[in-house]
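One structure below.
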């Protein structure tokens, strides 16, 4: 029996700046994890990933990352993805500074 | 110091121009990422967790003040005002943007620097003893050989697509500060019974997921045979190395799968073919290079002011006792500048700090700066009479920490704060260990200790050869840290042993504290270092300190 599908978001890095972005339901790249489209269906996830990869002039290295729904929108479930929403822990650099992220 | 010839200059400029076009074509959509990725990696440009990262080579760890100032300028202009010195004598900029990379590479070329071959399956930056040309215990300056190897390996047509990356390190001292036993090729400059100079050659060392100590394949390789022999080793590796499995692709695996005897036979056979092809031009080149590494004109002046200051100022005394190493000229000292103020990121220097180091090198250090694989900066030639002034300036810049070789002088890879390969963080673990032992005020009591932290199995933080090694892993979605004890990256190289089950992120610092308290309780005296004590006692007392609960101890 195949493993049950867990919800995902499509994430990548912006081509020019390299910063982390997420694909929204209306096909924008957002820096906010909670604005990402939370994908609950496996076939739809694959379609969205193909869509993301076709936009290689905007982003690099798109992949599906595990996520769960939260009060404001999708939240990461793994610590690596959580770090990607924020930036490094040794300096207030990256999103935590640029976006005033908490 | 070696300065670029017209040939070097032209080569680097052409490469910058070429990559500039490649970046333009990536940005305008003519190149896909799949096409662009190998091109950017050949020019040291990675894409990390939060941003691009540019890795710039500091060949054999040597910098001039002009180069250091340019790194400061790059950090301020195209990055966030700092740079990160790595465990392989490179500097990494963590926040450049792709459209700015050509400008950064041009700025590097202006001072004879580049990012070529700092990534990819080629011969990487050739590293050397960071005390080269200054150390009291070396028999020659190893850097001319390193420069010869750099020129030979740069854009070498046969070795641009090796089975895997290839790292060479060189030292000319018995005391191994260049970790030559953990490199693909380790070279030690030695003299034979006749007084001729040559090399002890080690092959097949390396860390990563299969840590191995290099094997000696030649006890004495005559100096003129260096390039043909190294070329023979690479040539055999290029043929036999596993391209089917990247985890088995390093030469250490080739060596172990093929056997030392057979590899040696193949290398010697290939060497016999190659040797006649080296007609002596390489030796003429070596002589020219050597002239560029002539020792500075050492000053002859009294050192009494230094001695008086040493007696009078305890802060200065403490710094002298930990951060200086013996120079071959006894009026001089080798100064290690700690980039590891307690609680700071190991290996990071701000643009201002880089300029202070450059100014001090110019004023007091014969214009010579080194970067060590231990992520510190070094002024290799400082007259002892100038040490009080150097110390005062360093303290003002936050660079005067007296902790070299102690608990808080930790090697740490960037880990999951930056690296896309990492499985856990390493920087904050280093910061917290340093902060904790400062609070306890125990590090001088504990004495010489090397803690090394990697955020994944690839071991950029050299954890296997740490006296205490810490490896960060992802265990079912949680950061977990495996501890090893008894490793060494020096001439007595050894791979550390695992203590047992790993520790959660917030349990690492208490675990290190328990290990070190056990050491203090068990050692024969302050003269017995942690590593010596571990070698005498074995794992048991440390295991007990780590894993036995209070209840179990009472029962025993």
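Protein chains in written order, with full-length UniProt numbering: chain A, 1 to 102; chain B, 1 to 556. The beta carbon of each residue, even a glycine, is placed where N, CA and C say it ideally should be.
Counting every other CB atom within 10 Å of its CB across the protein chains shown gives residue 216 of chain B a total below 16, marking it as exposed. Contact annotation: in the stretch 3-25 of chain A, residues whose CB is within less than 7 Å of a CB in chain B are 13, 15, 16, 17, 18, 19 and 20.
Boundaries of the beta strand (DSSP E) harbouring residue 191 of chain B: 185-191, taken from the DSSP string.
Residue 117 of chain B and residue 123 of chain B do touch by the CB rule: their CB atoms are close to 7 Å apart, below 8 Å.
For residue 425 of chain B, the neighbours in chain A by C-beta distance under 7 Å run, in chain order, 89. Taking 7 Å as the CB threshold, residue 51 of chain B lines the interface with chain A. If the five residues before and after residue 405 of chain B are omitted, its C-beta is found closer than 6 Å to the C-beta atoms of 448, all from its own chain and listed in chain order. Taking the CA atoms as reference points, residue 544 of chain B sits about 35 Å from residue 319 of chain B. Remark: C-beta atoms of residue 109 of chain B and residue 16 of chain B approach each other more closely than 7 Å. Only residues of its own chain outside the window of five on either side were considered, and among them 83, 91 and 354 have a CB closer than 7 Å to the CB of residue 71 of chain B, listed in chain order. For residue 16 of chain A, the three-state secondary structure derived from DSSP is coil. Comparing alpha-carbon positions, the option among B:287, B:327, B:49 and B:452 lying closest to residue 138 of chain B turns out to be B:327. Exclusion of the five residues before and after residue 303 of chain B leaves 331, 384 and 385 as the residues of its chain whose Cβ lies within less than 7 Å of its Cβ.
Residue 365 of chain B and residue 293 of chain B have their C-alpha atoms roughly 15 Å apart. Separation of residue 359 of chain B and residue 54 of chain A (C-alpha to C-alpha, rounded to the nearest whole angstrom) is 50 Å. Annotation for residue 541 of chain B: the continuous alpha helix (DSSP H) segment containing it runs 540-547. By a beta-carbon distance limit of 8 Å, residue 144 of chain B does not contact residue 128 of chain B. Their separation comes to about 10 Å. A distance below 7 Å between beta-carbons, with the five flanking residues on each side excluded, links residue 421 of chain B to the following residues of its chain, in chain order: 456 and 458. Residues of chain A whose Cβ lies closer than 8 Å to the Cβ of residue 431 of chain B are, in chain order, 90. Sorting B:113, B:441 and B:153 by C-alpha distance to the C-alpha of residue 282 of chain B places B:153 at the top. Check the Cα spacing between residue 205 of chain B and each of B:198, B:224 and B:184: the tightest is with B:184.
By the rule that beta-carbons nearer than 7 Å mark a contact, residue 34 of chain A does not touch chain B. Between residue 336 of chain B and residue 378 of chain B, the gap from beta carbon to beta carbon is short of 7 Å. When Cβ-Cβ separations below 7 Å define contact, residue 84 of chain A makes contact with chain B.
Counting C-beta pairs closer than 8 Å gives three or more between the stretch 2-17 of chain A and the stretch 60-77 of chain A, which meets the contact rule.
Between residue 198 of chain B and residue 221 of chain B, the CB-CB gap stays under 7 Å.
About 6 Å separates the Cβ atoms of residue 188 of chain B and residue 171 of chain B, confirming a contact at the 8 Å cut-off.
For residue 268 of chain B and residue 278 of chain B, the gap between their C-alpha atoms comes out near 15 Å. Neighbours of residue 76 of chain B in chain A, taken as residues whose beta carbon is under 7 Å from its own, are absent, since the nearest beta carbon is some 14 Å off. Nearest CB-CB separation between residue 80 of chain B and chain A: below the 7 Å threshold. With respect to chain A, the C-beta atom of residue 97 of chain B has a partner C-beta closer than 7 Å.
Taken atom to atom, the span from the alpha-carbon of residue 250 of chain B to that of residue 34 of chain A is near 42 Å. Residue 68 of chain A carries a strand assignment under DSSP once its states are collapsed to helix, strand and coil.
Taking a C-beta distance under 7 Å as the contact criterion, residue 18 of chain A and residue 52 of chain B qualify as a contact pair. Going by beta carbons, residue 74 of chain B and residue 371 of chain B fall outside the 7 Å limit. Of all residues in the stretch 335-349 of chain B, only 345 place a beta-carbon less than 7 Å from a beta-carbon of chain A.
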